[in-house]
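Chains as they are written, first to last, in this note's numbering: chain A, 1 to 768; chain B, 1 to 768.
Here the structure comes first, spelled out in structure tokens, and everything after it is commentary.
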């Protein structure tokens, strides 16, 4: 018998909690103390480690690696070369942002533009980061409000104090013009406005989403006047020249404070995507004072106000609390709220950027936001609809104010269906349906990885995407689910024609279902050409003039060796994983796989033989699939196993790219024992990690989940009640949660028959 | 017998020439004196009447009509409400630009934001505009450098002097969000920098091309300090508030100069699309002084340097000279040179905007620019290739840094072929061919009026665009010609496969050729459905529940009554016009029409029955088609007739929208007796209006055209020599001109057989 949840001890926790207490305010829920921004900072988590507000536009933090998505490297041998103000969290591929880099240093006029130092004493907490720059013995502390970064530098008395503001730095630079996924420099500008103020901007294009140019404006203000300054353009320094105009070259400024009366220098960096004046206004609005602590506390209060909405068992281990609340924290770092910061069309309506990508976040991040912060999710969807209205398509990903890229489905449709079935108010669902229909009916044209549905011409004529398009496999299965989501909304709006069409199309995954066997299981999504012929192999390379082919098997991976990363039949996973992606009709999937017994064996093979990839999103739902054969106990065991093996409160505690919090949100849901099937109205129930969880919803209703008797040994759900009444199904409707109430799970040391009779919904089962 | 050229007297000419002499500089060619910016300012010419440099980014001028493309109204009862800095010239449809409006007035703090005045004494000359604002007796004079407008205001001594700078004004505003072709306000900002300087920006989206947001930055500097100021945001005025930050509202400033020591106030408005600092830098670079006259003279010198490249008969009538040089002037107002002002990607390479539209200008404007200013045309094409590289497609139209829209063909391809056959150096023709192939092979997707070839899926599968796409008729015939241009370049680059494919496709116009008769002529481009069935009628409206159909005849016009303006089978012309659009294979066209006799009768019917529209581009080549039946004399007669009836030196002297100088360039070519068939290497020869023309080419070679004996009576070409040798063909190769030499036309009172044997090129004839 497997053990229940056991969490690895996280050594650093005790240390940073004590540091943190410096800033705590009495009498308020202190959930932020359980945020550890360093979870996921080592390994492949790629999380952003600096301070951020929830959905914060500004994310200031250290940069030590230009090739890293978060700019960061845990390797202390890599010097910090600056602190830039904009980052994303958890992403992979070519980096984006890393703009407006600042750096304190010791020096005088004539100092070199490049300044870097090794570090020590790195501390990262909710709303706070600090580090010692060893080269100069400068302690740098950072906090932030939504649009303003706040720095405190503590210099050595004896040294010449200096700060540089660099408009030419950014992540992911390559020398080759238009290099795929590289960011490219467009222009920058800097102006010394007074002896305490500097403003300017940096304009960059490209990056992971191959986006158009975006401009980050800044306004910097110091609490002490600088005495001298230099500015630069390109490689050339100009002493005392107060303006460097944009001529397509990198610019920046060095500010020299040689006669500081104190060793501590404070600096606020206001950011805007609209103008330098707006960047200044953001400072005046958000941080009109010079109290670093006040800003730290305000930011923590913002987090507390969100985190307290899910109260977990107070007796839970610190490591559990840390994992859980840090997971919520990671989930709410992105997308970023850029309301009033949209340079593209009229301001005032909600505007969010850095959907990066919805392919990652639709499955669990957005459902979690909906649960904690429903009004925020409404704003996010309205922002998506604004993007559709003005740019023509919903994004699947968007960054730097540009749609792009798509990996598979048009998954904003799932978010819309999820909002619709969960009855979120304040969304124009007619317009939303129009946006979904656009995805589903109008091919995006030339650039099929920007938005919409690539390969749609095939999909709509053949019922699948043929091998003449890349990513044909996951495009087909994802479009089928997107179609189900479309049908859901069409049905609700009484658009029966569209409902029938897209419900029908939601079976399209079956058109690529090939009855071949692999590792004891039968039936897999496999490539087909446009004439309907199965494809058995793919040319992988040519040696000595002879082409070598690899056979297409359910485990074959054509990318990135035979074809480019984005050019395989599947995106970033195998047929073993994608063949199980039928979230709307697991019953039909089970039937295709040969029935309950075969399906159980297949899932066991998936997990036991390592065919399941814990570190990516395509298999997010897979551990829960046992529910549909009436064995939720097996789902719970798998989930427990996955978490125990792969997640913990250490710096490498996230098993793959956190992807804007996607991995974290998957964890958070499973820790409280429910998991959404995004786009549908219910959650699957599993054994939670906490004895009790209380969800305070925005509608005022509370919902509690209690696991009576939960212990290391008693980790199976024996029976359940909902609001006191027996509850024998292994899934719960969102409306039951929204209406408030109590789910009580009676825990036992052995599995029972609970959840074996009334199975979770499946489209084909619903229609039987 | 018809008379030769006779020009209507233009009454205002004497007057403004005398005004002009105030600024002339001795000893330099004074061609600018023949520029009359008011030609085309009445009627439908829509020309911009303010000062501009050649291809000038800044075009400051009066605005009296927000619905007018040029902001102007000749109706003196319409008050001037401001002078804005950016305009286009000659365009139709929804207006674009009209940004950064300034207005002198008499007033003190608390004056209303709106200020307007009736006008008098309006004078427009090369590089100069002036007007008296009657309400306040303020004389306003304007001149300009490429990126800076220069204003001189002469106030009445006794009055309180004021100037407003308005970031909220623009043309074509509608209250309805996203109204088609309307410009929409996005944001603006204003800042009082000192008592002589104001900066800010205005950000607008939409307009004719439905473009993305563009930002016009400005820096304003006065030669006298203002004493007080107000700024505004929305409707609210703030006395002494020096900054209005962008919050999506209209902003501006009023500046009060109540204690001017002189009555004359001067103001420079620097413009940039990059930043306010760059707008200031543009002032420092281009107009670092305060001499209004110097700027006027520099701008005139820029024009003289171009106009002098075509010297015409010094004895020509003033009205002829005025028509000719004003036509050259109009041709070189657009596209605008925005090199170093590109906000989208790296600066430094040539960047041009306001291709508005190439559909208008490819036929004669660009060939004229090539002849006068070949290096400029090379830069323009390189800018187009940069746009292709970064935005994915060549534009057919582009404005405000956004591709859009397409009316029919993908005509940038014609420009490329034209450059290629004329052997323009400094262009990467391999990349250019790639861009052409993109147009011809990759459907543009969702927005089929933005760029590329709408209806391409039909065109490439059926060989024509079927009636399931709008503008199927002119799209088909224009794509066929674009394909010919593509084949031309492919052939030159030895890409034989593409050459054969696209040469074959250039016959696609024949796929819509229906052998029906109309007005005595047989065979017309007519609509067909995707199954190959001719369409006989179109539903036009429904009354009393009954649909009414109109028959599709060669004169039927389905737009804009039955369907929207852009939704007809043809764009802005009838089948009578578009059926003659086969510029690459007039021989085949003649054959299809029933041979020479039938073709001559058909052309006669076209012109005599008023089926030819002088005011739009589709028929630009039609008057020359007689050349291909060996009757260039008939072409000349028609051209003469068209010019006499429709063009003159008066304010209404342009018979249709000048379309960025397209109509003007058509006139200019015909006045000197040659006319290009854009995309091909030759010019058709007609009787010129001038006894001699000398073209000074950038390669140093001169080419002269002499019409010996030309008079009111002797207006037929009897014979010709090229460089002293008999020249019996009615067309001349560009290389003959480029190499330098002399074409001598012997004029007579009656037609001869000259040009009747060796006919101009035709694709099918070349291959016979």
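By construction, the Cβ of each residue, glycine as well, lies at the ideal position given by its N, Cα and C atoms.
As the structure is a prediction and not an experimental result, all values here were calculated from the model.
* Do three or more CB pairs link the region 599-614 of chain A to the region 517-533 of chain A at distances below 8 Å? -> Verdict: yes, contact present.
* Pick out whichever of B/364, B/362, B/363 and B/356 has its Cα sitting closest to the Cα of residue 402 of chain B. => Closest in C-alpha terms to residue 402 of chain B, from the list B/364, B/362, B/363 and B/356, comes B/356.
* With distances taken Cα to Cα, identify the nearest neighbour of residue 276 of chain B among B/147, B/634 and B/375. => Of the candidates B/147, B/634 and B/375, B/147 places its Cα closest to the Cα of residue 276 of chain B.
* Compare the C-beta of residue 442 of chain B against all C-beta atoms of chain A and say whether one is closer than 8 Å. => The Cβ of residue 442 of chain B sits closer than 8 Å to at least one Cβ of chain A.
* Taking 8 Å as the cut-off, decide whether the C-beta atoms of residue 487 of chain A and residue 762 of chain A are in contact. => The criterion of a C-beta distance shorter than 8 Å is not satisfied by residue 487 of chain A and residue 762 of chain A.
* **Three-state class that DSSP yields for residue 748 of chain A in the structure shown** => Here residue 748 of chain A carries a strand assignment [DSSP, helix/strand/coil].
* Spatially closest choice to residue 226 of chain A from A/499, A/375, A/197 and A/756, by CA coordinates -> Ranked by Cα distance from residue 226 of chain A, the options A/499, A/375, A/197 and A/756 are led by A/197.
* What in chain B is Cβ-close to residue 243 of chain A, meaning under 7 Å? -> For residue 243 of chain A, the residues of chain B that pass the 7 Å Cβ criterion are 277, in the order they occur in the chain.
* With a floor of 3 residues, list each beta strand (DSSP E) that falls wholly inside the region 663-747 of chain B, ordered by position along the chain. => If only uninterrupted beta strand (DSSP E) runs of at least 3 residues are considered, those enclosed by the region 663-747 of chain B are 674-676, 682-685, 692-696, 702-708, 716-722 and 731-733.
* **Assigned secondary structure, residue 416 of chain B (DSSP; H/G/I helix, E/B strand, else coil)** => Collapsing the DSSP output to three states places residue 416 of chain B in a helix.
* Counting only beta-carbon atoms, is residue 320 of chain B nearer than 8 Å to chain A? -> Residue-level contact by beta carbon fails for residue 320 of chain B and chain A, as no gap is shorter than 8 Å.
* Helix, strand or coil at residue 768 of chain B [DSSP, three-state] -> Reliability of the predicted coordinates at residue 768 of chain B is poor, the pLDDT of 40 falling under 50, and the value obtained from them is presented with this limitation in mind. Under the three-state reduction of DSSP, residue 768 of chain B is assigned to coil, being neither helix nor strand.
* Asked: Is residue 360 of chain B buried or exposed, if buried means 16 or more other CB atoms sit within 10 Å of its CB?
  -> Result: buried.
* Enumerated in chain order, which unbroken segments of the alpha helix (DSSP H) with a length of 4 residues or greater are wholly contained in the region 496-543 of chain B? -> Runs of the alpha helix (DSSP H) spanning 4 or more residues and lying entirely within the region 496-543 of chain B occur at 496-505, in chain order.
* Asked: Taking DSSP as the reference, what is the three-state secondary structure of residue 573 of chain A?
  -> In the structure shown, residue 573 of chain A falls within a coil segment according to DSSP collapsed to helix, strand and coil.
* Asked: So is the beta-carbon of residue 127 of chain A under 7 Å away from any non-hydrogen atom of the ligand GDP?
  -> The ligand GDP is absent from the structure shown, which contains no ligands of any kind.
* On a CA-only basis, which of A/273, A/644, A/366 and A/648 is nearest residue 100 of chain A? Give me that one, please. => Out of A/273, A/644, A/366 and A/648, the CA that lies nearest to the CA of residue 100 of chain A is found in A/273.
* **chain B residues whose Cβ lies nearer than 8 Å to that of residue 392 of chain A** => What residue 392 of chain A touches in chain B: 446 and 447.
* Residues in the region 492-525 of chain B having any Cβ partner in chain A nearer than 8 Å -> Correct list: empty, as no residue qualifies.
* **chain A contacts from the region 259-284 of chain B (Cβ-Cβ distance under 7 Å)** => 274, 275, 277, 278 and 281: these are the residues of the region 259-284 of chain B whose beta carbon lies less than 7 Å from some beta carbon of chain A, given in chain order.
* To do: Report yes or no: do the region 462-476 of chain A and the region 557-576 of chain A share at least 3 C-beta pairs separated by less than 8 Å?
  => Between the region 462-476 of chain A and the region 557-576 of chain A, the count of Cβ pairs shorter than 8 Å is three or higher; the stretches touch.
* Just curious, the alpha helix (DSSP H) that residue 770 of chain A is in, first and last residue? -> The structure shown does not extend to residue 770 of chain A, since chain A spans only 1 to 768, so no value can be given for it.
* **Closer than 8 Å to chain A by CB, residue 346 of chain B** => Taking Cβ atoms only, chain A reaches closer than 8 Å to residue 346 of chain B, which makes this a yes.
* **8 Å Cβ cutoff met for residue 730 of chain A and residue 753 of chain A** => Result no, Cβ atoms of residue 730 of chain A and residue 753 of chain A do not sit closer than 8 Å.
* Chain-ordered chain B contacts of residue 189 of chain A [CB-CB under 7 Å] -> In chain order: 275 and 277.
* At a Cβ cut of 8 Å, what residues of the region 162-189 of chain B count as close to chain A, listed as they run along the chain? -> From the region 162-189 of chain B, only 177, 178, 184, 185, 186, 187 and 189 have a Cβ closer than 8 Å to chain A.
* To do: Would you mind reading off the limits of the beta strand (DSSP E) that contains residue 604 of chain B?
  => In the DSSP assignment, residue 604 of chain B falls outside any beta strand (DSSP E) and lies within the alpha helix (DSSP H) extending over 596-608.
* For residue 259 of chain B, which of B/423, B/305 and B/156 has the nearest alpha-carbon? -> Distance check between residue 259 of chain B and each of B/423, B/305 and B/156 places B/156 closest, using alpha-carbon atoms only.
* Asked: Is the Cβ-Cβ distance between residue 614 of chain B and residue 642 of chain B less than 8 Å?
  -> Taking the C-beta atoms as reference points, residue 642 of chain B is found nearer than 8 Å to residue 614 of chain B.
* To do: Figure out for me which residue from A/373, A/718 and A/127 has the closest Cα to the Cα of residue 700 of chain A.
  => The shortest C-alpha separation from residue 700 of chain A is found at A/373.
* Asked: For residue 42 of chain B versus residue 80 of chain B, is the C-beta spacing smaller than 8 Å?
  -> No; because the gap between Cβ atoms is not below 8 Å, this pair is not in contact.
* Going along the chain, which residues of its own chain have a beta-carbon closer than 6 Å to the beta-carbon of residue 135 of chain B, five neighbours each way excluded? -> Excluding sequence positions up to five before and after residue 135 of chain B, its CB lies within less than 6 Å of the CB of 117, all in the same chain and listed in chain order.
* Could you confirm whether any beta carbon from chain A is found closer than 8 Å to the beta carbon of residue 248 of chain B? => Cβ-Cβ to chain A under 8 Å: yes for residue 248 of chain B.
* Counting only beta-carbon atoms, is residue 775 of chain A nearer than 8 Å to chain B? -> It is not possible to answer for residue 775 of chain A, since the shown part of chain A is limited to 1 through 768.
* Asked: Is there a Cβ from chain B that is less than 8 Å from the Cβ of residue 343 of chain A?
  -> Closer than 8 Å to some Cβ of chain B, the Cβ of residue 343 of chain A qualifies, so yes.
* Where residue 843 of chain B falls: helix, strand or coil (DSSP) -> Residue 843 of chain B falls outside the range modelled here, since chain B spans only 1 to 768, and no answer is possible.
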